[in-house]
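Chemist: Residue numbers (the UniProt record's numbering): 1 to 197.
First the structure, then my questions, so here it is.
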């Protein structure tokens, strides 16, 4: 019930509920992990109960019209970090279960207009919370791909150079030493770039 009040549209009610929830988390011994505060850890550790409650309320949204706000608040409080708590499975379960329920309702042509509006509001909450992190993940993946591609091209160029050098004639011990010294220097340079880039 405190989570209901955290999502209350009146700032004073929401603030009081957040303070009460923070005290509950502290009294129960929950502590911040990484960038997830004690309340976030409390919610994550108990997300299986919260998932069940949100799903139950979605079946009776006319009785619990603030469920979309509660759902969004829950997502915001629990998806703010990569904390070392078992959150991914539980929060993903919440999202997947909720989305499945929303899609069933939207697929049902007989759904009441208000029910559809509330479900769309919940979808909006998912997009608001997960959209920025998905964009960030995409940017990180693109950067990693570019780095891997640059490394692949550098290795390819080294192989081509080595093949050309091998074709150019007999190799002396000095040539071999020069090749490995050059290779080691290039490797150190790539590592320096990786650390600074």
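Beta carbons: idealized from backbone N, C-alpha and C, even for Gly.
Determine, using beta carbons only, whether residue 118 and residue 68 come nearer to each other than 9 Å.
Modeler: For the purposes of this step, residue 118 is taken as residue 118 along the chain shown, with counting starting at 1. For the purposes of this step, residue 68 is taken as residue 68 along the chain shown, with counting starting at 1. Result yes, Cβ atoms of residue 118 and residue 68 sit closer than 9 Å.
Chemist: In this structure, what does DSSP give as the bridge partners for residue 33?
Modeler: Counted from its first residue, the chain shown places residue 33 at position 33. DSSP lists 36 as partners of residue 33.
Chemist: Taking the CB atoms as reference points, tell me whether residue 2 and residue 20 lie closer together than 9 Å.
Modeler: The residue given as residue 2 occupies position 2 in the chain shown. The residue given as residue 20 occupies position 20 in the chain shown. Yes, the pair counts as a contact, with Cβ atoms nearer than the cut-off.
Chemist: At the level of alpha carbons, what is the spacing between residue 181 and residue 146?
Modeler: Here residue 181 refers to the residue found at position 181 when the chain shown is read from its first residue. Here residue 146 refers to the residue found at position 146 when the chain shown is read from its first residue. Going by the C-alpha atoms only, they are around 27 Å apart.
Chemist: Buried or exposed: residue 60, going by 16 or more other Cβ atoms within 10 Å of its Cβ?
Modeler: Walking along the chain shown from the start, residue 60 turns up at place 60. Residue 60 is exposed by the Cβ-count criterion.
Chemist: Flag this pair as yes or no: are the beta carbons of residue 7 and residue 51 separated by less than 9 Å?
Modeler: Counting from 1 along the chain shown, the entry for residue 7 is found at position 7. Counting from 1 along the chain shown, the entry for residue 51 is found at position 51. No, Cβ-Cβ distance for residue 7 and residue 51 is not below 9 Å.
Chemist: Report the rounded CA-to-CA distance for residue 200 versus residue 175, giving the unit in angstroms.
Modeler: The structure shown does not extend to residue 200, since the chain spans only 1 to 197, so no value can be given for it.
Chemist: Residue 4 and residue 25: beta carbons closer than 9 Å?
Modeler: For the purposes of this step, residue 4 is taken as the residue at position 4 of the chain shown. For the purposes of this step, residue 25 is taken as the residue at position 25 of the chain shown. Not closer than 9 Å, so no.
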